[in-house]
Amino acid sequence: MKFVRSPIFALQYADYLRQQLLLMVETVPLPLQRWQRQLIALAWISYAAYYLGRVNLSPALPAMETDLGLSKEALGLLGTGFFWTYAIGQVINGQLGDLISPRRLVFFGMLASAAVNLAFGFSSSFALLLLLWGINGYCQATGWGPVLRTLSNWLSGAQRRRIATLFGTSYVLGNAAVLLFSGWLVNRWGWRAAFFVPAGLLALMACFWWFQVRDTPEERGYQRDWTLEPNALAAFNLRAVLAGMAGNFRRYWPLSLAGLFVGFCLIALNTWVPTYFVEEGGVAIDRAAALAALSPIAGSLGVILSSGLVNRFFAGRELYGLVGTLAGL
């Protein structure tokens, strides 16, 4: 077989080599600067802090059932209302984080969640508790999307892939830490303390985020060594956004469905495991919360190890790994 040597072929081959070189450059991350490492640490701590106003409900449930005379069905509705508004908020705030300052969105979302937790601690009416915890679900949804948007402004694409696994431990370790802390608060000062104290800490964290974080490194006087990726939503078009979301759902619906069923298991465990240990094991709530925290602690190891295991055993066949995980559940 003879190669066709022509100017057109030469130009096409040169363009192919250029594209491959750009791909290689993109996949080799630039070294992280000191100011980037600081931002990653701030973002990690900030997102983990969101769980102060979310997971604290779980260790409080047994005492709330006794003190307020609420049934388990009523207590379960609190969690259901939270996660519905949280899901809606994720869709809305994920888009808002691309349209307005993610720094402002995180700040006001944290403050609002702190205020709702404070009001929740003072409440005894089930209707009011349900309303407040539903509002809290939306406030809590100001975290993930806007924080990731901030990271995307401060890191190149290759750098983000490099730190993705490490950053993923923020939500599992934040979950575990708040379970331990809230269980201790409930055991020592009662269930209302599990909302008062985290509310204060969450408000302090919101202020810390506001004063320490900026939307872009240029606002701090730093210079990027890469080209900022264009914001696809800079010129906002609601129809285009909805069409894009629908297209993504059609493309990724199997993953969405898998995530839905994993979420059922995860939410049930996070909500009811401390209550189960208290009622069936006869242990104090602080110990029950500590036992419940073992699950997210183990989950952090799963987050760290999963990427390497998938690449080693399921490279190019990630779907098999996902199916195996779901079968294990």
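Counting from 1011, one number per residue, gives the positions in the sequence shown under the working numbering.
For every residue, glycine included, the Cβ atom is placed at its ideal position computed from N, Cα and C.
Out of curiosity, what's the CA-to-CA distance linking residue i and residue j?
{"i": "Leu1304", "j": "Asn1066", "result": "16 Å"}
{"i": "Gly1155", "j": "Ala1084", "result": "30 Å"}
{"i": "Leu1315", "j": "Arg1172", "result": "14 Å"}
{"i": "Gly1309", "j": "Leu1211", "result": "25 Å"}
{"i": "Leu1052", "j": "Asp1225", "result": "13 Å"}
{"i": "Leu1279", "j": "Gln1233", "result": "45 Å"}
{"i": "Gly1193", "j": "Leu1062", "result": "12 Å"}
{"i": "Phe1221", "j": "Met1215", "result": "10 Å"}
{"i": "Phe1136", "j": "Phe1130", "result": "10 Å"}
{"i": "Leu1141", "j": "Gly1153", "result": "20 Å"}
{"i": "Ala1302", "j": "Thr1281", "result": "10 Å"}
{"i": "Gln1046", "j": "Ala1151", "result": "24 Å"}
Select from the options the residue whose C-alpha is nearest the C-alpha of residue i.
{"i": "Cys1217", "options": "Ala1059, Pro1041, Val1188", "result": "Ala1059"}
{"i": "Gly1273", "options": "Gly1291, Leu1121, Ala1097", "result": "Ala1097"}
{"i": "Pro1284", "options": "Met1074, Arg1047, Trp1045, Ser1056", "result": "Met1074"}
{"i": "Pro1041", "options": "Arg1170, Ser1081, Gln1100", "result": "Arg1170"}
{"i": "Gly1147", "options": "Pro1306, Thr1076, Gly1091", "result": "Gly1091"}
{"i": "Ser1134", "options": "Leu1121, Thr1076, Ile1110", "result": "Thr1076"}
{"i": "Pro1306", "options": "Gly1231, Ala1187, Glu1228, Val1223", "result": "Ala1187"}
{"i": "Arg1202", "options": "Gly1107, Ala1070, Glu1290", "result": "Ala1070"}
{"i": "Trp1094", "options": "Val1182, Arg1230, Ile1145", "result": "Ile1145"}
Buried or exposed for residue i, going by 16 or more other Cβ atoms inside 10 Å?
{"i": "Leu1165", "result": "buried"}
{"i": "Val1126", "result": "buried"}
{"i": "Cys1275", "result": "exposed"}
{"i": "Ser1056", "result": "buried"}
{"i": "Val1288", "result": "buried"}
{"i": "Leu1189", "result": "buried"}
Examine chain C for any beta-carbon lying closer than 8 Å to the beta-carbon of residue i, and answer yes or no.
{"i": "Arg1234", "result": "Absent from the structure is chain C; it holds one protein chain and no more."}
Is residue i helix, strand or coil by DSSP?
{"i": "Arg1234", "result": "coil"}
{"i": "Pro1041", "result": "coil"}
{"i": "Arg1224", "result": "coil"}
{"i": "Leu1080", "result": "coil"}
{"i": "Ile1110", "result": "coil"}
{"i": "Thr1179", "result": "helix"}
{"i": "Ala1303", "result": "helix"}
{"i": "Ser1056", "result": "helix"}
{"i": "Ser1133", "result": "coil"}
Contact between the stretch 1194 to 1201 and the stretch 1286 to 1306 (3+ Cβ pairs under 8 Å): yes
Cβ pair count under 8 Å reaching 3, the stretch 1202 to 1211 against the stretch 1066 to 1077: yes
Stretch-stretch touch, CB-based, cutoff 8 Å, three pairs: the stretch 1043 to 1052 with the stretch 1109 to 1116: With a cut-off of 8 Å on Cβ pairs, the stretch 1043 to 1052 is not in contact with the stretch 1109 to 1116, counting fewer than three such pairs.
Segment contact flag, the stretch 1174 to 1187 with the stretch 1122 to 1141, C-beta cutoff 8 Å, min 3 pairs: no
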